[in-house]
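Protein chains in written order, with this note's numbering: chain A, 6 to 278; chain B, 399 to 720.
Input: a single structure, listed below in structure tokens.
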């Protein structure tokens, strides 16, 4: 079945990241931080060190597994924040209209005009490096598309009979947004959240690569790339495997998002059939 | 006329600003959707507003529902303001007026079971006991011709006619006094229409409801209405009892509408002047307003004209002949 391909591959890759991250303490043969041994530095992949070792002799495979925890945390938590902000602003703007809609639209346009990585960089510069500031920075900077989609979906639902009926039955605005509108726009919102997780993983890697994210010696795929950068000719495996991990997990989230969109959208379904 | 009518619409105007090109909105124009409409609805009657698409009948319905603010004029319920300042909040309105929508596919929340969409309004209006809620939902479902065990299902599991029954159940669950019927059967199969019309008539009797029906389909109006108001470009051109409008229409626009009914009896009368309608002598110096001799424009206020009573309870829009 053609339809299932994106979901299967995307879901599989995502599951791989989730399982790897959650089971890291059991799956990883070495400690990602403490098992540093300069005698083992820059060893190529072999049967002991599956993905080789980095410049301090730490097992790249173990560090990638633990790094998945960071990527997942950042991806999920920052997307929850983004989705909450985007949905709350988008639905209320679409439903209420007027000056609030203008304000939210203006804010969304500003957010879209500034590259979100630059914005995140600025937030990180203020908050200082670390996981919490990473979550805040990425959670505050990537809600504009979710907001736009929530707003436009709300606009199209607002004139539906059941939303008007809810008004005439005496429902308050907030209750209408929560019970009548939100459940009916969850499809596209879920797709945006999944796609955004890929972007968040990439942004985390970029920020950590720049030294603003997860601080050494704790493993994050981005900071592993930074470490490996100077030795890329001598020990390319230390850069290739974290790079592959980033690539495959972002690919997984994006395919999953695309697949969800295709299977949730009846129009796409009929077009393909 | 006995005392205050249940619902009174007085000189209602609704205008929409239309953005029309031009820098800084210089091209903004006002679309006159409803132009000085006055109507009364008495307890227990069915008043129909008929007219073609875009004549302002749905805007009128939305204004009565409080979903659209009037630009001027007023709506009052039992003599108390029902629009503008002093209008009751949604909770109070809900027990006075409810609406049945045209499209049974868009009027039910696809994510709510039938029970959820009927029980939530009851809970919202202060009924706490779960057994009472269940009872009332069940009674209402049976009243509209469904069965109690269908309450657990989602809207997509029902046919169009059944969905419309659910829509009617939802409109009646709070036991309102007035139900606005916005083209209640025009989205349904012809075979289902009669069933729904009969259901609406039964429920009207059972609950003592007053109906304000919006329709462009005169054959439906003929079956249900006590009184009929014919609307054209935001104004009423003719208003009267069922007998006045169907047996003795006077305004040219009303006659044209009736001639369109695909019912041979009515249509033949309308097409054949000798067999049908008698022309009423108009008062001195008057002619029919809005008779189609000059195309009205939704962006300009209409030329002055007034509804003149030509027979008790039968009013026609006339203008001064120039």
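Every residue gets a Cβ at the ideal spot worked out from N, C-alpha and C, and that includes glycine.
Contacts around residue i, its chain only, beta-carbon distance under 8 Å, and the 5 residues preceding and following it disregarded
i	result
residue 551 of chain B	511 and 512
residue 129 of chain A	138, 139, 142, 212, 217 and 218
residue 160 of chain A	99
residue 112 of chain A	94
residue 624 of chain B	443, 444, 445, 639 and 640
residue 500 of chain B	580, 581, 582, 584 and 585
residue 207 of chain A	251 and 255
residue 41 of chain A	61, 62, 63 and 222
Short CB-CB distance (under 8 Å) between residue i and chain B
i	result
residue 84 of chain A	no
residue 160 of chain A	no
residue 189 of chain A	yes
residue 275 of chain A	In this prediction, residue 275 of chain A scores a pLDDT of 44, lower than 50, which makes its location untrustworthy; no coordinate-derived value is stated.
residue 220 of chain A	no
residue 185 of chain A	yes
Cutoff 8 Å: residue i Cβ touching any chain A Cβ
i	result
residue 507 of chain B	yes
residue 556 of chain B	no
residue 499 of chain B	yes
residue 357 of chain B	Since the first residue of chain B shown is 399 and the last is 720, residue 357 of chain B is not available in this structure.
residue 488 of chain B	yes
residue 523 of chain B	yes
residue 504 of chain B	yes
residue 463 of chain B	yes
residue 496 of chain B	yes
residue 415 of chain B	no
residue 519 of chain B	yes
Buried versus exposed call for residue i [16 or more other C-beta atoms within 10 Å across all chains shown]
i	result
residue 456 of chain B	buried
residue 496 of chain B	buried
residue 234 of chain A	exposed
residue 171 of chain A	buried
residue 562 of chain B	buried
residue 596 of chain B	exposed
residue 115 of chain A	exposed
residue 672 of chain B	Caution is warranted here: a pLDDT of 45 is assigned to residue 672 of chain B, below 50, making its placement in the model unreliable, and the coordinate value is therefore given only provisionally. Exposed, by the Cβ-count rule.
residue 185 of chain A	buried
residue 539 of chain B	buried
residue 64 of chain A	buried
residue 10 of chain A	exposed
residue 434 of chain B	buried
residue 242 of chain A	buried
Those residues which DSSP pairs with residue i across a bridge
i	result
residue 638 of chain B	B:626
residue 707 of chain B	B:713
residue 579 of chain B	B:498 and B:611
residue 414 of chain B	B:429
residue 648 of chain B	Residue 648 of chain B is not bridged to any residue.
residue 475 of chain B	B:405 and B:478
residue 448 of chain B	B:613 and B:628
residue 435 of chain B	B:410
Nonlocal neighbours in the same chain, by C-beta distance under 7 Å from residue i, ignoring five residues either side
i	result
residue 248 of chain A	230
residue 449 of chain B	455, 614, 628, 629 and 630
residue 708 of chain B	648, 678 and 714
residue 237 of chain A	244
residue 606 of chain B	442
residue 429 of chain B	413, 414, 416, 696 and 697
residue 29 of chain A	70, 71, 73 and 74
residue 19 of chain A	257, 258 and 261
residue 560 of chain B	544
residue 122 of chain A	208 and 211
Same chain only: Cβ atoms within 6 Å of residue i, ignoring 5 sequence neighbours per side
i	result
residue 82 of chain A	140
residue 447 of chain B	455, 612, 627 and 629
residue 202 of chain A	80, 84 and 258
residue 491 of chain B	464
residue 558 of chain B	502 and 586
residue 149 of chain A	113, 116 and 117
residue 470 of chain B	411
residue 253 of chain A	18
Residue-chain proximity (residue i, chain E), Cβ-Cβ < 8 Å
i	result
residue 572 of chain B	Of the chains in the structure shown, none is chain E; the protein chains are A and B.
Checklist entry - Between the region 147-177 of chain A and chain B, which residues of the former have a C-beta closer than 7 Å to a C-beta of the latter? => result Within the region 147-177 of chain A, contact with chain B at the beta-carbon level (separation under 7 Å) is assigned to 165, 166, 167, 169, 170, 172, 173, 174, 175 and 176.
Checklist entry - Listed from N- to C-terminal order along the chain, which residues in the region 539-568 of chain B have their beta-carbon within a distance smaller than 8 Å of any beta-carbon of chain A? => result The residues in question are 565 and 568.
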